[in-house]
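A.B. asks:
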Amino acid sequence: MSGTSQISRTSWQWALGIAGLIFASVIVWSLLDGHVGRPGPDGDDVMRLVQIRDLLAGQGWFDMHQYRLGPEGGTLMHWSRIPDVPILLFYHLFDLFMPSETALMWAISVWPPLSILIVLAGLILGARHLGDGRVLVFTLIVALPVFLVHFRFLSGAIDHHNLQLGLLALAVGASLDPLARPGRYSLSGIALGLSVAIGAETYPYIAVLCAFHALDWANSGARVRRGTAAFGGAFAATVLLSFLTMVGPAQWGAAYTDTLSVISLAGALIGGTGLAAAAWFASDRPKPVRFGALAAIGLTTALAVAVLAPDGFANPLDALPEEVRTLWLSNVSEARAMFAPADDRWQFAAFALGLPVSALAISALAILRGRETRVHVLFAALLVVAIALMFYQIRFYVFAHLIAIWPMALWCASAFQSGRDGQGSRVAYLLPLALANPMLWILPVMLVEPPVPPQGTTDAACLSPQMLALLHQVPPGTIVAGVNMGSPILAETPHRALSGNYHRDAAGIAAAFDIFAAEPAEAHQKLEAVGASYVLFCAGTPENRILAKTRPDGLLARLDAGAAPGWLEPLGREEDPAGGRLYAVSSGE
127 MSGTSQISRT SWQWALGIAG LIFASVIVWS LLDGHVGRPG PDGDDVMRLV QIRDLLAGQG
187 WFDMHQYRLG PEGGTLMHWS RIPDVPILLF YHLFDLFMPS ETALMWAISV WPPLSILIVL
247 AGLILGARHL GDGRVLVFTL IVALPVFLVH FRFLSGAIDH HNLQLGLLAL AVGASLDPLA
307 RPGRYSLSGI ALGLSVAIGA ETYPYIAVLC AFHALDWANS GARVRRGTAA FGGAFAATVL
367 LSFLTMVGPA QWGAAYTDTL SVISLAGALI GGTGLAAAAW FASDRPKPVR FGALAAIGLT
427 TALAVAVLAP DGFANPLDAL PEEVRTLWLS NVSEARAMFA PADDRWQFAA FALGLPVSAL
487 AISALAILRG RETRVHVLFA ALLVVAIALM FYQIRFYVFA HLIAIWPMAL WCASAFQSGR
547 DGQGSRVAYL LPLALANPML WILPVMLVEP PVPPQGTTDA ACLSPQMLAL LHQVPPGTIV
607 AGVNMGSPIL AETPHRALSG NYHRDAAGIA AAFDIFAAEP AEAHQKLEAV GASYVLFCAG
667 TPENRILAKT RPDGLLARLD AGAAPGWLEP LGREEDPAGG RLYAVSSGE
């Protein structure tokens, strides 16, 4: 590893050409697959659009309530405004010469493909710190099958995950600088600080990177003094600035674990400024003193968090009612455990685990052999965390794939050079290239267990054009429907949704399940208690099939059997081909 190696013009041409291919692929795929001009298929993409529309309609910058979601009073969302910023910038640019709604649709179409450039910049930065042109080129080659037409970067994919991936790539890439330059380390601190402000999904990776910089300083001392001080200061300052500009004064004392709050602010300020001060004043002290300073900073941070929020490290999902966890969370595909029952679990496990496990093996072997230990310790730590999180919830696979790109690129470059030096086969690098392709890991599993076609009705199909037209014809009111219908109801209609696919709406989710599970007479009372105007039934969705089976006497089972009680008045054409049926809740039996 050089970090100062000269990279030839040819290597740069190859690397930038491959990066351009990745960028172009998400644009072309967005056009071919019809993603331009509409939000992505993920409910979070739709809810982000709802949030931006509410802001443009006059809702306060600091007001994160979704007033049309959940029980009376709305739902306080845990989302950050930071991912809204680039969309709003593009919107205001396009709004100069387009109708407002058209400008917004162009904004949500342009931003996601552009956001992959942040990922590519982080990968290139890291590759430059790891070696010469071979490492750079192979980094982009390995990244090609990982990010080719990746859905997180297609037009309309405006949820925060694309920005999280870009910031993590920048943070890791900058942290790999062997010279510990303050500019690079400041970039890492800024990227991690913004990640803290965006969402809790990346907190484990942020913790690993902060620990890496702290322990690297404690071990190296004066050599990394300026860089470590810059990292700690930039991290603390970024979180503080984000807190002041993204969190309203009314929420400054609130302690949350699922969003930027006083807990994460205290941790960043104490940890970041403490590390910066220790690096600046104690780098010339003996190693035991440096490690002692780190221990004192860590203890102070933990005590501050414990005082501010005794349950500060609790998982907010653990507080969900058991029925909500069983009927809702267990049916959220991205939140399922790696080997939870699912038709595609073995194919997905091979796709998700093949690349990061291979990369972890490469880093572990490098550590055992004493080769580039500092770099591979960081990769191994990040990969262990990423793989562990994947076993908890499969949605973390994309972070593992991102981190795995660099170790696999190093293996490819090494095998390529060995072949050229006559120390092995000239095509030996094709093996790590094959192992670095996540899609190839699926093939052996498919030979043993062919994929099962999806069954049942999708929620998107239920909200058909006929149903949307009907919902615009009836007076606005509160709709009781499946949790996955919440976001599209808010985005496509003027109605209110009792439940949505968000843990902050646990009360609304529980109320909707309680209504659907209750016998008709009791369900009628519960509907009136929540002020429901309509019931939207979508036949064949997973949650409906489960609830109808477990509660055969409940309202949902009656609707599924086509035997709606008399106090539900069918609206529109019941023979909607998508299986959606809308009922008005009447006051009589």
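Using our numbering, the letters of the sequence shown map in sequence onto residues 127 to 715.
Glycine included, C-beta positions come from ideal geometry on N, C-alpha and C.
Counting C-beta neighbours from all protein chains within 10 Å, is the total for E575 16 or more, i.e. buried, or is it exposed?
C.D. replies: Per the 10 Å Cβ criterion, exposed.
A.B. asks: Taking the beta strand (DSSP E) that P271 falls in, what are its first and last residues?
C.D. replies: Segment 259-273 is the alpha helix (DSSP H) holding P271; no beta strand (DSSP E) there.
A.B. asks: With a cut-off of 8 Å on the beta carbons, I'd call A295 and G325 a contact; round off their distance for me.
C.D. replies: Actually they do not touch by this definition, with Cβ atoms about 16 Å apart.
A.B. asks: Could you tell me if L256 is buried or exposed, where buried requires 16 or more neighbouring beta carbons within 10 angstroms of its beta carbon?
C.D. replies: Buried, by the Cβ-count rule.
A.B. asks: Using the three-state DSSP reduction, which class does H204 fall into: helix, strand or coil?
C.D. replies: Reduced to three states, the DSSP call for H204 is coil.
A.B. asks: From the DSSP output, read off the bridge partner residues of H191.
C.D. replies: Note: H191 sits in a beta bridge opposite L202.
A.B. asks: Is the number of C-beta pairs between the segment 549-561 and the segment 651-667 that are closer than 8 Å three or more?
C.D. replies: The segment 549-561 vs the segment 651-667: no contact.
A.B. asks: Which residues in the same chain have their Cβ closer than 6 Å to the Cβ of F264, if we skip the five residues on either side of it in sequence?
C.D. replies: Counting only Cβ-Cβ distances below 6 Å, and skipping sequence neighbours, we find A535, C538, A539.
A.B. asks: Identify every residue that forms a DSSP beta bridge with T604.
C.D. replies: Answer is R622, A658.
A.B. asks: So, using beta-carbon positions, are I133 and D285 closer together than 8 Å?
C.D. replies: In this structure, D285 does not lie closer than 8 Å to I133 by Cβ.
A.B. asks: Could you please give the first and the last residue of the uninterrupted alpha helix (DSSP H) stretch that includes Y518?
C.D. replies: Segment 499-518, the alpha helix (DSSP H) holding Y518.
A.B. asks: Residues in the same chain with beta-carbon distance under 6 Å from G146, minus the five sequence neighbours each way, listed in chain order, please.
C.D. replies: Closer than 6 Å at the Cβ level, and outside the excluded window around G146, lies no residue.
A.B. asks: Consult DSSP for A394 and reduce its assignment to one of helix, strand or coil.
C.D. replies: Looking at A394 - three-state DSSP - the assignment turns out to be helix.
A.B. asks: Whose CA, out of V365, W205, W693, lies closest to the CA of I316?
C.D. replies: Of the listed residues, the one whose Cα sits closest to I316 is V365.
A.B. asks: Using a threshold of 8 Å, state whether the C-beta atoms of M611 and L589 are closer than that.
C.D. replies: Going by C-beta atoms, M611 is nearer than 8 Å to L589.
A.B. asks: Comparing alpha-carbon positions, which option in S713, R260, H276 lies nearest Q543?
C.D. replies: Looking at the Cα atoms, R260 is the closest of the given residues.
A.B. asks: Among A637, Q192, Q651, F525, which has the Cα closest to the Cα of R278?
C.D. replies: It is F525 whose Cα lies nearest to the Cα of R278.
A.B. asks: Sort A617, H204, A141 by Cα distance to A381 and report the nearest one.
C.D. replies: Nearest of A617, H204, A141 to A381, Cα basis: H204.
A.B. asks: When the Cα of D171 is compared with those of L289, V268, V154, A183, which residue comes out closest?
C.D. replies: Nearest C-alpha to D171: L289.
A.B. asks: Tell me whether S128 sits in a helix, a strand or coil according to DSSP, three-state version.
C.D. replies: For S128, the predicted structure reports a pLDDT of 47, less than 50, and the residue's modelled location is therefore unreliable. A value from the coordinates is still provided. Looking at S128 - three-state DSSP - the assignment turns out to be coil, as it is neither helix nor strand.
A.B. asks: Do L335 and S390 have their C-beta atoms closer together than 8 Å?
C.D. replies: Cβ distance not < 8 Å, so L335 and S390 don't count as in contact.
A.B. asks: Does the structure place the segment 137-154 close enough to the segment 209-221 that three or more beta carbon pairs sit under 8 Å?
C.D. replies: Touching, no.
A.B. asks: Helix, strand or coil for D168? Go by DSSP, reduced to three states.
C.D. replies: In this structure, D168 counts as coil in the three-state DSSP scheme.
A.B. asks: Closer than 6 Å by C-beta to G106: which residues in its own chain qualify, once you throw out the five before and the five after it? Chain order, please.
C.D. replies: Residue numbering for the chain in the displayed model covers 127 to 715; residue 106 lies beyond these limits and cannot be assessed.
A.B. asks: Would you give the residue range spanned by the beta strand (DSSP E) that R310 belongs to?
C.D. replies: No beta strand (DSSP E) holds R310; the alpha helix (DSSP H) holding it covers 308-324.
A.B. asks: Is the beta carbon of L230 less than 8 Å from the beta carbon of L616?
C.D. replies: Contact flag unset, no.
A.B. asks: With distances taken between CB atoms, is the gap from A297 to S314 smaller than 8 Å?
C.D. replies: Contact flag set, yes.
A.B. asks: Which residues does DSSP list as the beta-bridge partners of C664?
C.D. replies: DSSP lists G706 as partners of C664.
A.B. asks: Take H276 as the anchor and find which of I242, P308, A253, W343 has the nearest alpha-carbon.
C.D. replies: The residue with the shortest Cα to Cα distance from H276 is I242.
A.B. asks: Whole angstroms is fine: what's the gap from R495's alpha carbon to A507's?
C.D. replies: Each residue's Cα considered, the two are about 17 Å apart.
A.B. asks: Please confirm whether A107 and Y518 have their CB atoms less than 8 Å apart.
C.D. replies: The chain is shown from 127 up to 715; residue 107 falls before or after that span and cannot be answered.
A.B. asks: Just checking, does the segment 402-409 make contact with the segment 341-349 on the three C-beta pairs under 8 Å criterion?
C.D. replies: In short, these stretches touch, since the Cβ pair count reaches three.
A.B. asks: Give the C-beta separation of L481 and A562 to the nearest angstrom, bearing in mind that I take them to be a contact with Cβ-Cβ under 8 Å.
C.D. replies: Correct: roughly 6 Å between the Cβ atoms.
A.B. asks: Assuming P482 is part of the alpha helix (DSSP H), what are its boundary residues?
C.D. replies: 471-494 is the extent of the alpha helix (DSSP H) around P482.
A.B. asks: In angstroms with no decimal places, state the Cα-to-Cα distance between D210 and M372.
C.D. replies: Rounded to whole angstroms, D210 to M372 spans 11 Å at the Cα level.
A.B. asks: How would you label S128, buried or exposed, when you count the other beta carbons within 10 angstroms and need 16 or more for buried?
C.D. replies: Note that S128 scores 47 on pLDDT, short of 50, meaning its location in the model is unreliable and no value can be drawn from it.
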